[in-house]
Each structure stands twice: as structure tokens, then as C-alpha cells.
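Position in the sequence shown (first residue = 1) + 1 = this note's numbering.
Every residue gets a Cβ at the ideal spot worked out from N, C-alpha and C, and that includes glycine.
Comments concern the structure below.
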Amino acid sequence: QLGCQAGDNAAVAANCQYIFLGVKPQGMAAMLADIAPVLAARTDRFVLVTMAAGLTMDQIRSMAGGSYPVIRIMPNTPASIGAGMILYTLSDNVTDAECLQLTVGLSAAGRLDYLQESLMDAGSAVSGCGPAFVYLFIEALADGGVECGLPRAKALEYAAQTVCGAAQMVLESKQHPGILKDAVCSPGGTTIAGVHALERGAFRADSMNAVCAAYEKSKQFSK
2 QLGCQAGDNA AVAANCQYIF LGVKPQGMAA MLADIAPVLA ARTDRFVLVT
52 MAAGLTMDQI RSMAGGSYPV IRIMPNTPAS IGAGMILYTL SDNVTDAECL
102 QLTVGLSAAG RLDYLQESLM DAGSAVSGCG PAFVYLFIEA LADGGVECGL
152 PRAKALEYAA QTVCGAAQMV LESKQHPGIL KDAVCSPGGT TIAGVHALER
202 GAFRADSMNA VCAAYEKSKQ FSK
């Protein structure tokens, strides 16, 4: 239906213009070692597209056995529904036309943003790992609703839509989240009482710690 062809790694390495390296960083060296002879035998141009956290473009080239053009991307799981955040960076021998073709091809998956490679691990710790942190928050919001008497299905719907809407407000209004938060917190009201409870639990500090822990873990793969 989609006009796609099935194949194995060797067939992809031998024929495709953009070769997506969709393995975990721990498995990258072995996978590239298998296809390195196929890549070396090619006489036409191709681009390696890596999604592995922590691995630099130079490391990918070294594992692949050549100074091939490399585009490093970091998508997140919401890309599967067209709502992803996709970071990308380019090796110096990727052409403008190749970059444009890839970014246009990925545009249906969500929002794309160029980021210099030295910041990719930091960006990945926010957008790549962030959905898991947000899912925990949605689950916790819903659990609180259930404790207060809401049916589980309704609590989950309310929590998920609230997070979705709040995120959209940040993106579309361009206002600082603190300003948007203050607009919800009436003096002496229910919301500020809840914010106070979150602050007592070090909610913001724990969220920052989660991003920093993910960042430190990703740096281990580049050593």
C-alpha cells in the first residue's frame, strides 16, 4: 500500500540514499561492522542517519569505516503520532539539498530544530527522555483525581488533555511558563495551595535532576 520494499541490512546499505541507523548505542558498532564492507563498495552517494543517544557523528564514521555524510537526529516517541520533537545536526559534508530532503521528509512527524552537536545530549535529555517524565506526571495527576473520587478513565482523560493544552499554551503564547502559572494561581485559591504542595516535594528540583541524570548517562556512550 505504501510502495515500500522489504529488505535486510545488507540490501539497505547497498541501495538506499538515506540509511537510518535505528539501533541502541550499545549495538551500533556490531551493526555497522556488518555493513561496512557493503558501504565501502558503493560508488554512489548516501547519507547515514543516526538516532543513537550519545554517539557522535565522528564515532559513527569510525564505526562505519569511512568519512561518510552523517545526519544525527534525536526524535521522541510522540513522533509516531505526528507530535514529535526532532533535533538534528549535520556533518560538514552533508549538502543543503540533502538536509532539506530529510527535514521535509520528517516534517510530518512533528517539530524539527537544528542543534549543534555539542548540545545534542542536553537536548535529548529534555525532548528524548522527557516524554517518560511527562507520562509519570500524567499518571500522578490521574491518581490524585482517583483518590479524590474521579473514575480512572475520566481522571486520565482530564490529566492528559490538561498537559496537552498547557504545553500548547507555552508554544503558542510564547510566554514564560512562570507567567502562565501565575495566571492560574488566584490569591488564597486552590491552585496556589497545590503549587505549594509540589514545591514542598521539590517537584522542580526533581524534574531538573531527572534531565541531568539522563544527560550524564548519554555522555557515557561517547567515551
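- prompt: Who are the near neighbours of Glu99 in its chain, counting only those whose CB is closer than 6 Å to its CB and skipping five residues on each side?
  reply: By one-based count along the sequence shown, residue 99 stands at place 98. Around Glu99: Val48.
Segments of 3+ residues assigned as beta strand (DSSP E) that fall wholly inside the stretch 109-178: The qualifying runs are 111-115.
The alpha helix (DSSP H) enclosing Thr191, as first and last residue numbers: Reading the sequence shown from its first residue, position 190 is the one you call residue 191. Run containing Thr191: 191-201, per the alpha helix (DSSP H) assignment.
field: Gln60, buried or exposed, once every other Cβ within 10 Å from all chains shown has been counted against 16
entry: Position 59 of the sequence shown holds residue 60. Buried, because 16 or more other Cβ atoms sit within 10 Å of the Cβ of Gln60.
- prompt: Mind checking Leu137: buried by the 16 CB within 10 Å criterion, or exposed?
  reply: In the sequence shown, counting from the first residue as 1, residue 137 sits at position 136. Looking at its Cβ environment, which holds fewer than 16 other Cβ atoms inside 10 Å, Leu137 is exposed.
query: Ordered along the chain, which non-local residues of its own chain (more than five positions away) have a Cβ less than 7 Å from that of Asp114?
result: Reading the sequence shown from its first residue, position 113 is the one you call residue 114. Here Asp114 has Leu88 as same chain residues with Cβ atoms under 7 Å from its own Cβ, once five neighbours each way along the sequence are excluded.
query: If you drop the 5 nearest sequence neighbours on each side, which residues of the same chain put their C-beta closer than 7 Å to that of Met170?
result: In the sequence shown, residue 170 corresponds to position 169, counting from 1. Correct list, in chain order: Leu181.
task: Specify whether the stretch 110-128 and the stretch 51-58 touch according to this definition: at least 3 beta carbon pairs, one from each stretch, less than 8 Å apart.
output: The stretch 110-128 and the stretch 51-58 touch, with no fewer than 3 CB-CB distances between them shorter than 8 Å.
- request: Might you give, ordered along the chain, the residues of its own chain that have their beta carbon closer than 7 Å to the beta carbon of Ala312, omitting 5 neighbours on each side?
  value: Residue coverage of the chain in this structure runs from 2 to 224, which leaves residue 312 outside it and unanswerable.
query: Three or more C-beta pairs closer than 8 Å, one from the stretch 62-79 and one from the stretch 93-113: is that the case here?
result: In short, these stretches touch, since the Cβ pair count reaches three.
task: May I have the straight-line CA-CA distance separating Met209 from Ala203, to the nearest angstrom?
output: In the sequence shown, the residue the question calls residue 209 occupies position 208. In the sequence shown, the residue the question calls residue 203 occupies position 202. Between Met209 and Ala203, the C-alpha separation is close to 10 Å.
query: In this structure, does DSSP put Leu3 in helix, strand or coil?
result: To locate residue 3, count along the sequence shown from 1; it is residue 2. In the structure shown, Leu3 falls within a coil segment according to DSSP collapsed to helix, strand and coil.
task: Would you kindly report the start and end of the unbroken beta strand (DSSP E) that includes Leu91?
output: If you number the sequence shown from 1, residue 91 lands on position 90. It spans 85-91 - the beta strand (DSSP E) in which Leu91 sits, taken as one unbroken run.
- prompt: Contact check, Val164 vs Ile139 under 8 Å by CB: the rounded distance?
  reply: Here the question's residue 164 lines up with position 163 in the sequence shown. Here the question's residue 139 lines up with position 138 in the sequence shown. Their Cβ separation, rounded to whole angstroms, is 6 Å, which keeps Val164 and Ile139 in contact under 8 Å.
query: DSSP on Leu49, reduced to helix/strand/coil?
result: Here residue 49 refers to the residue found at position 48 of the sequence shown. The DSSP-derived three-state label of Leu49 is strand.
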